[in-house]
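Input: a single structure, listed below in structure tokens.
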Amino acid sequence: MGLADASGPRDTQALLSATQAVELRRRDYHMERPLLNQEHLEELGRWGSAPRTRQWRTWLQCSHARARALLLQHLPVLVWLPRYPVRDWLLGDLLSGISVAIMQLPQGLAYALLAGLLPVFGLYSSFYPVFIYFLFGTSRHISVGTFAVMSVMVGSVTESLAPQTLNDSTINETTRDAERVRVASTLSVLVGLFQVGLGLIHFGFLVTYLSEPLVRGYTTAAAVQVFVSQLKYVFGLHLSSHSGPLSLIYTVLEVCRKLPQSKVSTVVTAAVAGVVLLVVKLLNDKLQRQLPMPIPGELLMLIGATGISYGMGLKHIFGVDVVGNISAGLLPPVAPNTQLFSKLVGSAFTIAVVGFAIAISLGKIFALRHGYRVDSNQELVALGLSNLIGGIFQCFPVSCSMSRSLVQESTGGNSQVAGAISSLFILLIIVKLGELFRELPKAVLAAIIIVNLKGMLRQLSDVCSLWKANRADLLIWLVTFAATILLNLDLGLMVSVVFSLLLVVVRTQMPHYSILGQVPDTDIYRDVAEYSEAKEVPGVKVFRSSATVYFANADFYSDALKQRCGVDVDFLISQKKKLLKKREQLKLKQLQKEKKLQKQAGPLLSACLTPQQVSPGDKMEDATANGQEDSKAPDGSTLKALGLPQPDFHSLILDLGALSFVDTVCLKSLKNIFHDFREIEVEVYMAACHSPVVSQLEAGHFFDASITKKHLFASVHDAVTFALQHPRPVPDSPVSVTRL
1 MGLADASGPR
11 DTQALLSATQ
21 AVELRRRDYH
31 MERPLLNQEH
41 LEELGRWGSA
51 PRTRQWRTWL
61 QCSHARARAL
71 LLQHLPVLVW
81 LPRYPVRDWL
91 LGDLLSGISV
101 AIMQLPQGLA
111 YALLAGLLPV
121 FGLYSSFYPV
131 FIYFLFGTSR
141 HISVGTFAVM
151 SVMVGSVTES
161 LAPQTLNDST
171 INETTRDAER
181 VRVASTLSVL
191 VGLFQVGLGL
201 IHFGFLVTYL
211 SEPLVRGYTT
221 AAAVQVFVSQ
231 LKYVFGLHLS
241 SHSGPLSLIY
251 TVLEVCRKLP
261 QSKVSTVVTA
271 AVAGVVLLVV
281 KLLNDKLQRQ
291 LPMPIPGELL
301 MLIGATGISY
311 GMGLKHIFGV
321 DVVGNISAGL
331 LPPVAPNTQL
341 FSKLVGSAFT
351 IAVVGFAIAI
361 SLGKIFALRH
371 GYRVDSNQEL
381 VALGLSNLIG
391 GIFQCFPVSC
401 SMSRSLVQES
411 TGGNSQVAGA
421 ISSLFILLII
431 VKLGELFREL
441 PKAVLAAIII
451 VNLKGMLRQL
461 SDVCSLWKAN
471 RADLLIWLVT
481 FAATILLNLD
491 LGLMVSVVFS
501 LLLVVVRTQM
511 PHYSILGQVP
521 DTDIYRDVAE
531 YSEAKEVPGV
541 KVFRSSATVY
551 FANADFYSDA
561 LKQRCGVDVD
571 FLISQKKKLL
581 KKREQLKLKQ
591 LQKEKKLQKQ
601 AGPLLSACLT
611 PQQVSPGDKM
621 EDATANGQED
631 SKAPDGSTLK
641 ALGLPQPDFH
651 SLILDLGALS
661 FVDTVCLKSL
671 KNIFHDFREI
681 EVEVYMAACH
691 SPVVSQLEAG
701 HFFDASITKK
711 HLFASVHDAV
721 TFALQHPRPV
731 PDSPVSVTRL
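Numbering (the UniProt record's numbering), first residue to last: 1 to 740.
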């Protein structure tokens, strides 16, 4: 039963319409006239000018509407806050904000140490940026504030520009700390400027160049950096400041060398705090469904450790390092030190990109889960303003934390009202309660940091999963991890991005090439090596590449085409040229010999000879004198006439459906393919080109007298049908094409 018999009248009509559409497309492709549809669209799309009496009023109305739309776009709180469902969301946001603030307090104190600053600056960085993001952010669930990866990146900058020692002499701690605050706040302003600028020019797509394997490998390596940086607090050691490539290796070697100098009391404090925190986290995981909110283990640890330290005198009796004085109240704004911009510009751009990548990836995860949209460009602006304004108030660069974001979502948070509540809670601590934590041991903060690295260190298992899933992604992960460990965070990111982009180029250089065959009784063509039912059409070769053809893989495309066709094209062409050249040389020698004999015989002998007595040489001379048409006759220059093997196909069809663009190298490569295969008496056709590719072919002057649009078809099946009906080159097209 045919397709039309099996279908109803409506299906038959649709099939006829589709057939007519294909026929129309085929006719358009074969026409020699220029394409006019774009001009028609432009004519239809033109608007007449508005009446003069209304132009000024229309301009004012449009300007007012644009200003209002721009304000709502860059200040989203004006859009969602008036519609905030107080009865449904307020209680959840209140509990979520308190839960996040309980986590924010110890993490802010601890991550300030990672940044090389006093703990109180971690509290400042947990207040200002969080409240600014509440006004400008578009994600409802991410928790902005201090983050381990960002803090360790800041720490590498502050320690390099404000080291512990200078020329083997110890720098005054007060001077050093003030200089580090100046460096960190200036860095935050510069990071904010980069992020705001990129957001305003709609460069939010920049993060797409950071693939998931790259980000996961980078954050895993950063977690290792964070872990190593906390060893000095765990063992109570005083280490030299290392920066630049291999600084992590130098730090590990120094820790191993000074390990006998460890303070037992500090090690015991860190170990007890770490074990208690791990137990609390395990309980939270097991009792997650039963508990209304997670047990605040970190806050309880802060309170308990501070009380024990104060009661037992850990600092004075056992020599355990403590946080020290935490000043109450907020600091006045300070202008950034513009003289440091030139030293910080590279690190600032790296931190800006990494911070945005982490924030937008988490934001999109929560947005997909809860059914709303996150604007990547507005997220850049929101994070940039958080860092810019925070830097003026002496904060260091921030991003969002995965652990706090998960807590904010799981405890009932529905909007950034939870973030605003947590920032107000932190403000209360800064103003009134911060000085109570002056006896908190630094080893406890180090234990909090190390335990919170558990999630990122678990990403080491990506090696096994990527080995099974995708070896190329595994290579990106490993190179990113190794480069970040060995070259530090800024250089490691640049190396990993460059490597991942080069890997994309390499993968396009080695696409899958295939010879297509027709599935019986259909117009579908598939790889004959993969589908047993697909059979090659006799006399026709259909070739396809899985990637676009451009300068990096054009030569590979041509080589693969000649190899898959089963014909040594270059050898046939060279042999054909040699035989034709040899034939011409023989004819030339014979002609010279006949001329020599004729000259020796003299004019009398030639006059006495009758026409029947004229030698074959004289006949050849006469034929040569009249022209060389016989030597250039097609029958005499064919492969068969020259005794060379002929290809088992008369037509070659290039399936160009995978092409998304063409460049000049691709155009030259396609023209050379036409030339080479016509030399061995095979006609070439192209099929399935997209409209933008056809426009680029026209712009590149690809079509001429030898390659016309009669060689371009809407589908592979159309090209195959035409090739079977015309087994020889198109009659009105010259066979030869100039090789480029």
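C-beta: ideal position from N, C-alpha, C; glycine also. Remember, it's a predicted structure, so these values are computed and weren't measured experimentally.
Taking the alpha helix (DSSP H) that residue i falls in, what are its first and last residues?
| i | result |
| --- | --- |
| CYS666 | 664-679 |
| ILE448 | 442-452 |
| LEU105 | 86-114 |
| GLY197 | 173-200 |
| PHE121 | 120-124 |
| SER243 | Here SER243 belongs to no alpha helix (DSSP H), and DSSP marks it neither H nor E. |
| MET301 | 297-312 |
| GLY274 | 264-286 |
| residue 741 | With the chain covering only 1 through 740, there is no way to say anything about residue 741. |
| GLN563 | 554-564 |
| PRO76 | Note, PRO76: premise wrong, no alpha helix (DSSP H); not H, not E. |
| LYS432 | Note, LYS432: premise wrong, no alpha helix (DSSP H); not H, not E. |
| ALA705 | From DSSP, ALA705 is part of no alpha helix (DSSP H); its letter is neither H nor E. |
| GLY329 | Element bounds for GLY329: n/a, residue is neither H nor E. |
| GLY155 | 148-161 |
| SER465 | 462-469 |
Just to confirm my understanding: we take residue i, look at its own chain, exclude 5 residues before and 5 after, and list those with CB closer than 7 Å. What are they?
| i | result |
| --- | --- |
| ALA418 | ASP93, SER96, GLY97, VAL100, GLN408 |
| PHE341 | LEU190 |
| LEU237 | VAL255, LYS258, GLN261, SER262 |
| ASP655 | LEU516, VAL542, PHE543, ARG544, ALA687, ALA688, VAL716 |
| LEU118 | ALA112, ASP177 |
| ALA560 | TYR513 |
| SER660 | THR548 |
| LYS589 | none |
Ignore the nearest five residues each way along the sequence and tell me which others in residue i's own chain have a CB closer than 8 Å to its CB.
| i | result |
| --- | --- |
| LEU453 | ALA148, ALA223, VAL226, PHE227 |
| VAL614 | Note that VAL614 has pLDDT 47, beneath the 50 cutoff, so the model's placement of it is unreliable and the number below is only indicative. Closer than 8 Å at the Cβ level, and outside the excluded window around VAL614, lies no residue. |
| LEU502 | none |
| TYR372 | ARG140 |
| SER496 | LEU214, GLY217, TYR218, ILE476, VAL479, THR480, ALA483, THR484 |
| LEU639 | LEU572, LYS576, PRO645, GLN646, ILE680, GLU681 |
| VAL528 | SER514, ILE515, LEU516, GLY517, ALA534, LYS535, GLU536 |
| PRO634 | With a pLDDT of 47 at PRO634, under the threshold of 50, the predicted position of this residue should be treated as unreliable, though the coordinate-derived value follows. Excluding sequence neighbours, PRO634 sits near nothing in its chain. |
| LEU580 | SER637, LEU642 |
| LYS364 | VAL374 |
Cβ of residue i within 8 Å of any heavy atom in the ligand FAD?
| i | result |
| --- | --- |
| ARG176 | You won't find the ligand FAD in this model; it holds no ligand whatsoever. |
Ends of the beta strand (DSSP E) at residue i?
| i | result |
| --- | --- |
| GLU530 | Here GLU530 belongs to no beta strand (DSSP E), and DSSP marks it neither H nor E. |
| ARG544 | 540-545 |
| VAL144 | 143-145 |
For residue i, collect the residues of the same chain with a Cβ closer than 6 Å to its Cβ; drop the 5 residues on either side in sequence, then sort them by chain order.
| i | result |
| --- | --- |
| ILE358 | SER399 |
| GLY297 | LEU277, VAL280 |
| PHE722 | none |
| PHE134 | GLN416, GLY419, ALA420 |
| ILE303 | none |
| VAL185 | Checking the sequence, you will find Ser at residue 185 rather than Val. Excluding sequence neighbours, SER185 sits near GLY391, GLN394. |
| LYS315 | VAL322 |
| ILE448 | PRO106, ALA110, GLU298 |
What residues match up with residue i in a beta bridge as DSSP calls it?
| i | result |
| --- | --- |
| VAL322 | PRO441 |
| TYR685 | ILE653 |
| PHE205 | According to DSSP, which records beta bridges pairwise, PHE205 is partnered with nothing at all. |
| LEU117 | Bridge partners of LEU117: none, in fact. |
| LEU712 | MET686 |
(request) Would you be able to state if there are at least three C-beta pairs under 8 Å between the stretch 204-213 and the stretch 464-478? (result) Put simply, the stretch 464-478 touches the stretch 204-213. At least three CB pairs are less than 8 Å apart.
(message) Taking contact to mean 3 or more Cβ pairs, one atom from each stretch, closer than 8 Å, check whether the stretch 479-499 and the stretch 529-540 are in contact.
(response) The stretch 479-499, when compared against the stretch 529-540, does not touch it at the 8 Å Cβ threshold.
(message) What ranges does the beta strand (DSSP E) occupy inside the stretch 334-420, keeping only unbroken runs of at least 3 residues that lie completely in it?
(response) Listed in chain order, they are 399-401.
(request) Inspect the CB distances between the stretch 642-652 and the stretch 526-534 and report whether three or more fall short of 8 Å. (result) Between the stretch 642-652 and the stretch 526-534 there are fewer than three inter-stretch CB-CB distances shorter than 8 Å, so the stretches are not counted as touching.
(request) Report the residue ranges of all alpha helix (DSSP H) runs contained in full by the stretch 474-525; include only those spanning at least 4 residues, in chain order. (result) Here no run is fully enclosed.
(message) Pairs of beta-carbons, one from the stretch 175-189 and one from the stretch 381-396, closer than 8 Å: are there three or more?
(response) As far as the Cβ criterion goes, the stretch 175-189 touches the stretch 381-396, which means the pair count is three or higher.
(request) Taking 8 Å as the threshold, find out whether the stretch 233-249 comes into contact with the stretch 151-161 through three or more Cβ pairs. (result) Three or more pairs of CB atoms, one per stretch, sit closer than 8 Å, so the stretch 233-249 contacts the stretch 151-161.
(request) Could you tell me whether the stretch 263-275 touches the stretch 505-515, using the rule of 3 or more Cβ pairs below 8 Å? (result) With fewer than three CB-CB distances shorter than 8 Å, the stretch 263-275 does not count as touching the stretch 505-515.
(message) Would you call the stretch 689-706 in contact with the stretch 579-589, where contact means no fewer than 3 C-beta pairs closer than 8 Å?
(response) With the rule of 3 Cβ pairs closer than 8 Å, the stretch 689-706 does not count as touching the stretch 579-589.
(request) Decide if the stretch 380-391 is in contact with the stretch 82-90; the criterion is three or more beta carbon pairs, one per stretch, under 8 Å apart. (result) Result no; under three Cβ-Cβ pairs closer than 8 Å.
(message) Can you confirm whether the stretch 322-335 touches the stretch 425-435 when touching is taken to mean that 3 or more C-beta pairs between the two stretches lie within less than 8 Å?
(response) Output reads yes: the stretch 322-335 touches the stretch 425-435.
(message) Pairs of beta-carbons, one from the stretch 193-213 and one from the stretch 336-353, closer than 8 Å: are there three or more?
(response) Between the stretch 193-213 and the stretch 336-353 there are three or more inter-stretch CB-CB distances shorter than 8 Å, so the stretches are counted as touching.
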